[in-house]
Amino acid sequence: MSTTTPRDAATQARLQQAADALLEAERSHRFIAPLRETFAPLTIDDAYAIQRINTERRLAAGRRIVGCKIGLTSVAVQKQLGVDQPDFGMLFDDMGYGDGEPIPASILTQPKIEAEIAFVFGRDLNVDNPGQLDVLGAIEYALPALEIVGSRVADWNIRITDTIADNASSSAYVLGNTPKKLSEFDVRMCGMVLERRGEPVSVGAGAACLGSPINAVVWLARTMAAVGTPLKAGDLVLSGALGPMAAVTPGDIFETRINGLGSVRAVFEPASEAAR
């Protein structure tokens with residue numbers, strides 16, 4: 001992915017219009033047609049440029065980047081969305097919720113939920129082309145996590161350029177309270193079950209995430225180093241789904257348990273709460 005591709009004024013204006021459309025859809029909850037159709041032609045590089053436009057706007061509004069999310073790492077999720085490679089988006093400080101903390105219905109945009117392993121870095125990873133040993137040495141601990149994904153594109157009619165532009169279809173995340181060192185659980189073989197009010201809706205394991213969540217984090221580390229924003233101490237990384245996504249309705253309660261890592265709950269306010 002390039003960050004220096006020159007663009008003419010017309011192309012830049014088109015990307016700006018796409019960024020505007022996404023922000024308006026998020027604000028109004030009037031979801032839009034696929035960007036790949038409305039703003040064609042749209043390359044992956046263009047899609048990341050759109051993402052950066054809205055990232056800069058959020059930073060200018062006082063929000064703070066706390067890390068990154070990796071998307072499209074599960075073969076099951078890739079099949080659901082018709083894509084064949086990972087992507088990444090930015091995590092902002094106001095996207096995070098605690099275990100069991102109510103999540104407002106007002107922030108939801110066609111929401112779905114997925115269970116993940118979150119990693120927190122203990123030191124900067126400012127090396128060129130970081131590898132597995134670099135990543136393993138930089139991770140301080142892991143946490144169970146739930147990511148609430150959402151799309152500003154109507155009916156989730158997305159391909160990879162649509163989701164990249166839309167900050168990797170991110171909305172919110174919930175972190176558990178049981179930090180574990182990598183030596184304390186099996187990152188690849190840990191089993192996962194995600195339940196809605198006690199009923200299983202998704203099962204999986206670490207191996208569903210690019211063979212291992214560590215593989216996904218290595219991909220992200222190399223990608224971020226290549227674009228000049230290497231991962232650093234304190235960064236949070238959501239490493240990707242361990243199983244298929246499940247649809248969310250306001251008022252739902254979800255809990256995931258990941259073997260050896262712990263559990264975490266996402267509690268969604270009823271729709272009526274948003275109107276009070």
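Counting along the sequence shown from 1, when you hit position 186 you're at 186 in the UniProt record's numbering, and nothing is skipped either side.
Heads up, the beta-carbon is just placed ideally off N, CA and C, and yes, glycines get one too.
In whole angstroms, give me the CA-to-CA distance for residue i and residue j.
i, j, result
"THR11", "LYS79", "31 Å"
"SER2", "LEU242", "In this prediction, SER2 has a pLDDT of 46, which is less than 50 and means its spatial position is unreliable; nothing more can be read from the coordinates."
"LEU194", "GLY98", "17 Å"
"LEU236", "LEU220", "12 Å"
"GLN132", "ARG7", "35 Å"
"ILE160", "CYS209", "17 Å"
"LEU72", "ASP84", "8 Å"
"GLU255", "ARG64", "27 Å"
"GLY96", "VAL120", "14 Å"
"ARG30", "VAL127", "43 Å"
"SER169", "GLY204", "21 Å"
"ASP93", "ARG57", "14 Å"
"GLY260", "ALA9", "53 Å"
Can you check which of these residues, the options, is closest to residue i by C-alpha distance?
i, options, result
"residue 282", "ALA40, LEU125, HIS29 and GLY262", "Since the first and last residues shown for the chain are 1 and 276, residue 282 lies out of range."
"GLY234", "ALA118, ILE107 and VAL201", "ALA118"
"ARG36", "ILE65, PRO244 and ALA21", "ALA21"
"GLY122", "LEU238, LEU231 and ILE164", "LEU231"
"THR229", "ASN177, PRO130 and GLY240", "PRO130"
"ALA105", "SER171, MET224 and SER212", "SER171"
According to DSSP, residue i sits in a beta bridge with which residue or residues?
i, result
"VAL120", "TYR141 and LEU236"
"SER263", "ARG257"
Any contact between the segment 12-24 and the segment 123-138? By contact I mean 3 or more CB pairs, one from each, below 8 Å. no
Mind listing, in chain order, the continuous beta strand (DSSP E) runs of no fewer than 3 residues lying wholly within the segment 172-223? 191-196 and 199-205
Inspect the CB distances between the segment 29-43 and the segment 170-184 and report whether three or more fall short of 8 Å. no
At least 3 beta-carbon pairs within less than 8 Å: the segment 154-161 vs the segment 241-258: no
Can you check the segment 44-115 for any beta strand (DSSP E) of at least 3 residues that lies completely inside it and give the ranges in chain order? 65-71, 87-92 and 96-98
Between the segment 183-192 and the segment 264-271, do three or more beta carbon pairs fall short of 8 Å? no
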